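A short write-up of the structure that comes next.
In the UniProt record's numbering, the protein residues as written are 1 to 546.
See below:
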């Protein structure tokens with residue numbers, strides 16, 4: 001080697017990846033460790049000034065959470081796991097790859113709540129965002145009031161937001177903002193997910209019909225692109241990147257900070273479930289209730305979802321224990337009679353100011369609905385208990401060893417005009433015939449006008465569409481039966497001309513991805529070439545590397 005010419009850190013990362021491949025074949029750990037020892041030529045370079053020192057390639061790191069996800073269906077072992085101590089470290093890692101003659105793939109992994117390996121990377125580097133948060137090195141959570149000056153009003157007005165690290169959990173965002181009497185307006189059902197993770201998909205729940213998905217509550221972001229560039233973006237500044245990243249499946253950059261709009265937080269929640277045996281009446285009532293947001297905002301519901309009750313599944317499931325034990329027998333009898341029941345789940349928030357009116361408003365909203373008489377159930381719970389309702393079920397399953405099992409989930413968006421056909425062909429045919437579905441099956445509508453079409457997230461082209469979620473849990477020996485059912489559902493939709501789109505998508509061909517994004521595909525590809533031209537980021541989505 002020529003004196004004074006030292007190999008770049010990129011050289012060692014590529015060397016690391018090459019030797020990992022060798023070790024996976026040959027299994028000579030001693031050679032691997034020797035190869036990772038920096039040569040004498042680098043003795044004058046502090047490892048703290050290189051990315052190399054923050055990479056781990058030991059078996060514990062490679063075989064641990066970096067190679068697994070919540071789905072437990074896919075396993076991809078990376079070449080190394082990167083433990084950043086700052087956002088700048090992440091930018092330097094990406095820039096090293098981008099500037100290298102042979103770029104290596106990079107995947108940011110938060111909680112790993114994907115189900116098909118979307119946050120994994122074979123023979124590349126996983127960025128451990130969970131560790132970034134756990135070590136206290138992330139961007140944290142900061143609640144701020146911003147004053148907007150109106151030229152016509154010298155006093156102007158103020159609004160609140162939270163600057164939140166992409167590595168942060170939504171449960172921590174909730175707790176931090178509640179200290180100020182504030183909270184975000186849009187949530188996911190499960191709060192132990194990272195901000196960057198949900199914003200890379202959309203972030204949906206029962207609040208979406210009224211407040212939009214989580215991506216529409218973002219006001220600004222800091223993003224590290226696939227070129228290693230650190231960019232602050234919003235609807236006004238660097239808007240192309242802003243809209244690309246939101247719902248962009250991690251293809252355009254890693255979110256290191258998001259500015260989330262806040263509103264005054266309610267104190268309590270009226271939480272109601274109603275049972276139906278007629279799908280047409282069930283969907284008609286759902287659609288009526290989500291339309292009220294446009295007519296009478298002041299007395300609209302704050303949350304609306306729906307789920308199926310079937311003979312092979314429990315009356316209460318891990319998402320929440322709601323129905324009183326004394327009523328289980330008559331509900332089961334009803335399920336036996338009709339094979340499938342449909343449960344409408346709604347919530348209305350309140351605090352001290354409207355405590356005296358909440359029951360009256362709820363009665364007005366629900367009057368005239370066509371649920372089965374006598375099957376009305378109501379709870380009054382705290383706001384935190386409602387939002388964090390899945391947590392108790394998770395802890396129970398963890399204690400029983402039933403949380404870290406295969407989850408062959410299927411999440412779909414179905415146009416309103418085709419939901420009846422979906423019910424008859426899937427809920428009343430495929431699901432009942434196979435008789436294996438025991439996990440929650442969700443079905444509820446959303447308003448398209450609450451989404452921003454400039455963002456990457458792809459949804460059906462109708463004013464109202466439904467989300468349907470088959471949230472299966474299985475054993476390691478029978479998950480393929482659920483996967484076969486998922487494939488049969490998708491084949492039925494294809495054969496019937498149902499214009500279904502997957503949420504948390506998993507496709508195997510570029511033709512499928514092209515169909516998924518539809519008219520957005522061309523823009524999606526152009527944005528990829530603009531912000532990640534060397535196809536470095538999030539290869540686990542298998543969009544550009546099938």
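All C-beta atoms, glycine included, are put in the ideal place defined by N, C-alpha and C.
Since this is a predicted model, take the numbers as computed values, not measurements.
With distances taken Cα to Cα, identify the nearest neighbour of residue 453 among 526, 213, 377, 410. 213
Reduced DSSP category for residue 342 - H, G, I as helix; E, B as strand; rest coil: strand
I'd like to know whether the C-beta atoms of residue 137 and residue 85 end up nearer to each other than 8 Å. yes
From what residue to what residue does the alpha helix (DSSP H) around residue 239 run? 239–245
Would you mind reading off the limits of the alpha helix (DSSP H) that contains residue 129? 129–134
If you scan the segment 52–106 from start to end, which runs of the alpha helix (DSSP H) of 4 or more residues do you find wholly inside it? 59–63, 87–99
Based on the DSSP output, what are the partners of residue 271 in its beta bridges? 347, 379
For residue 279, three-class secondary structure by DSSP: helix
Apart from the five residues just before and just after residue 513, which ones in its own chain have a Cβ nearer than 6 Å to its Cβ? 507, 543
Count the other CB atoms, across all protein chains shown, that sit within 10 Å of the CB of residue 70; report buried if there are 16 or more and exposed otherwise. buried
With distances taken Cα to Cα, identify the nearest neighbour of residue 470 among 202, 486, 381. 486
Given residue 339, which residues of its chain have a CB within under 8 Å of its CB, disregarding the five upstream and five downstream residues? 310, 311, 428, 432
Residue 536 - DSSP class collapsed to helix/strand/coil: coil
Are there three or more Cβ pairs, one per stretch, closer than 8 Å when the segment 245–255 is compared with the segment 218–229? yes
What three-state label does DSSP hand residue 185 in the structure shown? coil
With a Cβ-Cβ cutoff of 8 Å, do residue 541 and residue 118 count as a contact? yes
Which word fits residue 105, buried or exposed, when buried means at least 16 other C-beta atoms lie within 10 angstroms of its C-beta? buried
Checking the sheet assignment: what are the DSSP bridge partners for residue 305? 345
Pairwise C-alpha distance: residue 82 and residue 129: 9 Å
Residue 234, enclosing beta strand (DSSP E) - first and last residue: 230–234
Of all the options 304, 293, 390, which has the alpha carbon lying nearest to the alpha carbon of residue 286? 304
Relative to the C-alpha of residue 468, which candidate in 371, 412, 52, 55 has its C-alpha closest? 412
Residue 484 (DSSP reduced to helix, strand or coil): helix
Spatial neighbours of residue 548 in its chain, beta-carbon cut-off 7 Å, leaving aside the 5 residues before and after: Lying outside 1 to 546, the shown extent of the chain, residue 548 is not represented and no answer is given.
With H, G and I counted as helix, E and B as strand and the rest as coil, what does DSSP make of residue 517? helix
List the endpoints of the continuous beta strand (DSSP E) containing residue 261. 253–261
Using the C-alpha atoms, what's the distance from residue 526 back to residue 97? 21 Å
Neighbourhood of residue 40 by C-beta, 8 Å cutoff - its chain only, sequence neighbours within 5 removed: Any answer about residue 40 is weak, because its pLDDT of 43 lies below 50 and its placement is not dependable; what the coordinates show is given next. Cβ within range, chain order: n/a, list empty.
Stretch-stretch touch, CB-based, cutoff 8 Å, three pairs: the segment 189–209 with the segment 403–410: no
As assigned by DSSP and simplified to three states, the class of residue 310: strand
Proximal residues to residue 276 (C-beta, below 8 Å), its chain only, five neighbours per side dropped: 282, 285, 341, 342, 343, 344, 370, 371, 372
Neighbourhood of residue 234 by C-beta distance below 6 Å, restricted to the same chain and skipping five residues each side: 220, 242
Go ahead and pull the three-state DSSP assignment for residue 455. coil
Looking at C-beta atoms only, is the number of pairs between the segment 355–362 and the segment 317–334 that lie closer than 8 Å three or more? no
If we call anything under 8 Å between Cβ atoms a contact, is residue 139 one with residue 165? yes
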